[in-house]
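*Asks:*
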Amino acid sequence: MASNAFSEITEEFLVCQICLEDFRQPKVLPCLHTFCQPCLERLLATEPVGKLSCPTCRQDVPLPENGVQGLKSNFLVCKLHDIMRQQPKVSGKTSESQREGIPCTACARGIPAEFYCVECTDYLCHVCNDTHRGLKGTRSHKVLAIQDLQSGRLANEIRARESSKCEDHNELNKFYCDTCRRVICLHCVVTAHKDHQYVEIEKAAERERAKIKAKLSTVKNTAGLHEKWIEELQSVKNDWPLQVQRTEEQIKNQAEAIIEAVQKVKSEKISQLRAMNAAREKQMEAAMEAAEMDLASAKSCVQFTDNVLEYGSPAEVMSVAGELTARMEQTADEKIAKRAELPNDFTNLTFDPPAGDLVPEVSKLIVQFRWVASMASNAFSEITEEFLVCQICLEDFRQPKVLPCLHTFCQPCLERLLATKPVGKLSCPTCRQDVPLPENGVQGLKSNFLVGKLHDILRQQPTGNGDTSEPQREGVPCTACERGNPAEFYCVECTDYLCQMCNETHRGLRVSRSHKVVTIQDIQSGRLTAELRARETSKCEDHNELNKFYCDTCHRVICLHCVVTAHKDHQYVEIEKAAERERATIMAKLSLVKNTADLLEKWIKELQSVKNDWPLQVQRTEEQIEKQAEAIIEAVQKVKNEKISQLRAMNAAREKQMEAAMEATEMDLASAKSCVQFTDNVLEYGSPAEVMSVAGELTSRMEQTADEKITKRAELTNGFMNLTFDAQASDLERDLSKLIGWIKETRVSFTSTLSPVPINLEICTRPVSPTLLKTVGQKGSGDGQFKCPTSLAVTTDGEIVVADRDNRRLQFLDKDGSFKKKVELEFNPWCVAALTNGNLLVTGDGHNIHVLDKQGRAARVIQVIGAAEKDITTLGIAVDGSERIIVTIGYQVFVLSPSGDVILKFGDKGQGQQQLSSYLHLTVNSSNQIIISDYLNHSLKIFDPTGRHLFTCGSRGSGPGQLSGPYCVITDSEDNIIVADWNNHRVSVFSRDGTFIRHVLTPAVHGLSYPKGLTLTHDGHLVVSDNHSIKIFKV
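Numbering follows the UniProt record's numbering, in which position 846 of the sequence shown is assigned residue number 846; successive positions increment by one, without gaps.
What follows is the structure, encoded as structure tokens:
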């Protein structure tokens, strides 16, 4: 259908999102967003020197040496703009610009163009047309009548027009230099790239299109996953407030039926509930924000990649191939995908009233909060206006530069933006991603030739109702002269609109007489869309010739002059071959990015649902606490207020977490969709040179958008949970402390990825002394031998993991202590923690936490940011019921999110009751209280989940309840505290509230000598690392 061949190109794709006008010198950023070069330069001028961020996705744009000018030009946008400019609307009516005529672009006489040279891309008046036909260089060009152009009959011919010209020699880029990875012209081939590996632009583009298409489906799938995840997240978020409200109401109703003995507990429970509420709302906000950012990034990547694949010529594909591939890999990163695939970790609040007689058994009157996992419930019409408008100046791109995040901005906008930032630092205005600038700043960033070409194509396209636009009715002015005459012709090769006079001149010139000139009517009719789409717009910025080669050495498109000069010793190929190669790579990655975006969208919706429901749940739970406390006399009044406060605090934290998750997922989705749109446009409308001009950026962006980490995160459900209030078993008169419930987090519908291995053994009240079953190993470096074993852990499979510090390794023993395997490390491990998913967390390497999988292979490294003591390594490590990672560095305690972000930091250096020293080991109990063994202060210090000090137990000495250099600390199933009393050569046990119970192991009875590591096995054994051996006790 010629008349609507470009109907899928959106206006956003052809308008600079900064200046909101037709692109001027469109530059495509690595994120695949395109902006006018002037807009980017203005933006760069407002940013720190050398730093530019994409105005759309805020991703940082690495600028080439020449700044924005060095960014890849988006030839496709310009070509599409020229095509769309002449396209009639579906109704077939001509626009004002079409009736008045497009001025000749080959002369300055202002005569309306009657012809259009497909090769020169000039609109020619009758005079210039005669000249154009008479010139030897242009007499062979295909010249079309404006009427044919507007009629749409030549849409396919125009779509195929190459708009990518060598910036060094101003010739069409007909080759791709694989050495330099850039499109080059014939001059480049015989000069700068003569010794390079290069191929014809069509072959390169064919190769790249296949690669890009392979990636595109992945990016689209990623976007779909983002959308699905956003929807699920929104559902969870909406339900969360109702759960909080319901739980609070249940607590209040229960309190009304309880008399005297539990009045004090009521206040504490309410305070606790409010604290829980605040923490959970904050967590929700953070989760939503992170998810929305990821989603926007994925959508942007998809849009850009689709445009490049759809509309980009080989040169245009190769101009951004590197950035596109990198961006897609980043967008579909495994961690982001995992987050979107997680089940909802936000919770529903419920209140469980106690059963039985309230008078004789007060413990059943007091309930605890706990978390229960919630089950989440025409061909150019797709080019958006945003894609063709610089998002800084909101005008058509001028010198569009594409950032690594694939967002495109005008070079001037980026330069203005860069001027407002710290020296050498630039962030994408859209996604805020840091942009590594080349030596010449914004000018050195790759130009987005595709944007300019698409802008030219869409400029002539009809709108959906068939009416021609206002500019079409007024006529496109001749771009070859200054007379202001409406163009009647368009030279496909020169990409000029020609009035009648300029068309005659154009046809008479030797250099342009062979160019293909078409009429404006033909362009507007859609008959030449394919020819215009294939037009190469990528010109060499050094020689102003079409980039017909791609230099694999320099990873850039080059012209023929470049081939025989600066790139003569490089590996280069013809732009078509390079584009063909890159398109396949880009297509393979694009599907991943789209999948990531889909997952993020779904997760954000689910998170939003939970977030919206959370305040109601908090309110309901607080009301329940109030009703429960009203019936409790005196004894629990103080507890009630505390519990409701805790609930509200948890609510606030969870809502904030939901917001953050939603926002991050939406950002990922937007990035994926943007990448898909850009890729679709490049593949659909791009000529070989245009494809190759952006192939690198397109592939990079799709790989970033559809990166495995993002996809996995997009498949994760939200980590929000349900709140319940569990009864605490105790007699009120005998033990008031046991009447107070504790906030817990539990998961029932899925296996947590970061949950600690549960302990099902209680040992503190057992009167029988433990029996030594086996001593394993001695000092040495052989298998089953140890040098300073500092920490122990038990995996879900029952294996005992030993941090063999001085041997720089982990050793795995079976439950009986027999050696199984070892994992060599590049650092001296301090502590190890085992998770339910089989992974291990290991400390001791600077400020890093190493995550190992079940086989002991390195999975990832988490860097802890913000430690005061730079030369101290990570030491104590634990994971609480909320999947928070807790680690110590020096005297500081850091609480990290599952993804590794620091969400809490506390600890003051000193010897006071609330102060900490160094060599801190830690564990957590079922209420997520943090228990720290303070080696130099010879005590145990207990903090609540927010870092507030609760109490201290132990003092320096050797008597009952005293400690001397406490080392590792653990808890049993009843939350009793077990600590290795290193200098006293014993293992001691304290109750949950810090009361000393007894010495479980002593040097006299059990032969201990400087115990360090502790762990409890699944079959009821206590394992101790003692001196250079491992001892297993039956308790």
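Just so you know, even glycine gets a beta-carbon here, dropped at the ideal spot from N, CA and C. Computed from a predicted structure; not experimentally measured.
Is the beta carbon of residue 500 closer than 7 Å to that of residue 119?
*Replies:* Contact flag unset, no.
*Asks:* Just grab the DSSP bridge partners of residue 929 for me.
*Replies:* For residue 929, which the question treats as bridged, DSSP gives no partner whatsoever.
*Asks:* Measure the C-alpha to C-alpha separation of residue 618 and residue 944 and round it to an integer number of angstroms.
*Replies:* Those two C-alpha atoms are separated by around 20 Å.
*Asks:* Got a sec, what are the start and stop residues for the alpha helix (DSSP H) residue 39 sits in?
*Replies:* From DSSP, the alpha helix (DSSP H) with residue 39 extends over 37 to 44.
*Asks:* Quick check for students: name the residue ranges of the beta strand (DSSP E) that lie wholly in the UniProt domain "B box-type" (473 to 520), counting only runs of 3 or more.
*Replies:* Runs of the beta strand (DSSP E) inside the UniProt domain "B box-type" (473 to 520): 489 to 491, 496 to 498 and 513 to 519.
*Asks:* Is it buried or exposed for residue 782, if we count other Cβ within 10 angstroms and need 16 for buried?
*Replies:* Result: exposed.
*Asks:* Return the CA-CA distance between residue 664 and residue 919, expressed in angstroms with no decimal places.
*Replies:* Between residue 664 and residue 919, the C-alpha separation is close to 36 Å.
*Asks:* Cβ atoms of residue 311 and residue 891: under 7 Å apart, would you say?
*Replies:* Taking 7 Å as the Cβ cut-off, residue 891 and residue 311 do not qualify as a contacting pair.
*Asks:* By a C-beta neighbour count over all protein chains shown, 10 Å radius and 16 as the cutoff for buried, is residue 520 buried or exposed?
*Replies:* Buried, since its Cβ has 16 or more Cβ neighbours within 10 Å.
*Asks:* Would the stretch 27 to 42 and the stretch 400 to 419 be scored as touching if the rule is three or more Cβ pairs under 8 Å?
*Replies:* Yes: at least three Cβ pairs fall under 8 Å.
*Asks:* Apart from the five residues just before and just after residue 245, which ones in its own chain have a Cβ nearer than 8 Å to its Cβ?
*Replies:* Excluding sequence neighbours, residue 245 sits near 349, 615, 616, 617, 618, 619, 620, 621, 622 and 623.
*Asks:* Please classify residue 880: is it buried, with 16 or more other beta-carbons within 10 angstroms of its beta-carbon, or exposed?
*Replies:* The residue in question, residue 880, is buried, as its Cβ has 16 or more Cβ neighbours within 10 Å.
*Asks:* So, helix, strand or coil for residue 872, using DSSP?
*Replies:* Coil, per DSSP.
*Asks:* Residue 805 and residue 790 - do their beta-carbons sit closer together than 7 Å?
*Replies:* Yes, Cβ-Cβ distance for residue 790 and residue 805 is below 7 Å.
*Asks:* I'd like to check one pair, residue 280 with residue 1049: are the Cβ atoms closer than 7 Å?
*Replies:* It is not possible to answer for residue 1049, since the shown part of the chain is limited to 1 through 1035.
*Asks:* Which whole-angstrom value is the C-beta distance of residue 447 and residue 76, which I expect to be below 8 Å?
*Replies:* Not quite, the Cβ-Cβ distance comes to about 12 Å (not below 8 Å), so this is no contact.
*Asks:* Run through DSSP, which three-state label would residue 67 get?
*Replies:* Residue state, collapsed to three classes: strand.
*Asks:* Pull up the CB-CB distance for residue 833 and residue 878, whole angstroms please, since I reckon it's below 8 Å.
*Replies:* Between residue 878 and residue 833 the Cβ distance is about 6 Å, and since that is below 8 Å, they are a contact.
*Asks:* Starting from residue 892, trace the beta strand (DSSP E) both ways and give me its first and last residue.
*Replies:* Looking at the DSSP string, the run of the beta strand (DSSP E) that includes residue 892 is 892 to 896.
*Asks:* Name the residue from 304, 414 and 242 whose alpha carbon lies nearest to the alpha carbon of residue 41.
*Replies:* Ranking the options by Cα distance to residue 41, first place goes to 414.
*Asks:* Going by alpha carbons, who is nearest to residue 693 out of 772, 655, 573 and 705?
*Replies:* Comparing Cα positions, the closest option is 573.
*Asks:* Return helix, strand or coil for residue 715, following the three-state DSSP convention.
*Replies:* Interpretation of residue 715 is limited by its pLDDT of 49, a score under 50 that renders its predicted location unreliable; the figure taken from the coordinates is listed afterwards. The answer is strand: DSSP assigns residue 715 an E or B state.
*Asks:* My understanding is that residue 23 touches residue 451, with C-beta atoms under 8 Å, so please give their C-beta distance in whole angstroms.
*Replies:* That belief holds up - the Cβ atoms of residue 23 and residue 451 are roughly 5 Å apart, short of 8 Å.
*Asks:* Can you tell me where the beta strand (DSSP E) with residue 771 in it begins and where it stops?
*Replies:* First-last of the beta strand (DSSP E) with residue 771: 771 to 776.
*Asks:* Taking the beta carbon of residue 308 as the centre, do at least 16 other beta carbons fall within 10 Å, making it buried, or is it exposed?
*Replies:* With 16 or more other Cβ atoms within 10 Å, it is buried.
*Asks:* Tell me whether residue 1032 is buried or exposed, calling it buried when 16 or more other Cβ atoms sit within 10 Å of its Cβ.
*Replies:* Looking at its Cβ environment, which holds 16 or more other Cβ atoms inside 10 Å, residue 1032 is buried.
*Asks:* From which residue to which residue does the beta strand (DSSP E) around residue 848 run?
*Replies:* It spans 848 to 852 - the beta strand (DSSP E) in which residue 848 sits, taken as one unbroken run.
*Asks:* With DSSP collapsed to three states, give me the class of residue 226.
*Replies:* Helix at residue 226.
*Asks:* Our contact map puts residue 1038 next to residue 911 with C-beta atoms below 8 Å; I'd like the distance itself, whole angstroms only.
*Replies:* Absent from the structure is residue 1038, since the part of the chain shown begins at 1 and ends at 1035.
*Asks:* Can at least three beta-carbon pairs, one atom from the stretch 663 to 682 and one from the stretch 578 to 594, be found at a separation below 8 Å?
*Replies:* Contact between the stretch 663 to 682 and the stretch 578 to 594 is present, because at least three Cβ pairs lie under 8 Å.
*Asks:* State the CB to CB distance for the pair residue 410 and residue 38, rounded to an integer number of angstroms; the pair is presumed to be in contact (CB under 8 Å).
*Replies:* Rounded, the Cβ-Cβ distance is 5 Å, consistent with contact.
*Asks:* Give the straight-line distance between the Cα atoms of residue 283 and residue 240, rounded to the nearest whole angstrom.
*Replies:* Using only the alpha carbons, I get a separation of about 12 Å.
*Asks:* Could you check if residue 815 belongs to the surroundings of the ligand SAM, using beta carbon to heavy atom distance under 6 Å?
*Replies:* Only the bare structure without any ligand can be found here, which leaves the ligand SAM out of the picture.
*Asks:* With residue 999 as the anchor, note down where its beta strand (DSSP E) starts and where it stops.
*Replies:* Here the beta strand (DSSP E) through residue 999 covers 996 to 1001.
*Asks:* Our contact map puts residue 183 next to residue 173 with C-beta atoms below 8 Å; I'd like the distance itself, whole angstroms only.
*Replies:* Sure, about 4 Å apart at Cβ, within 8 Å.
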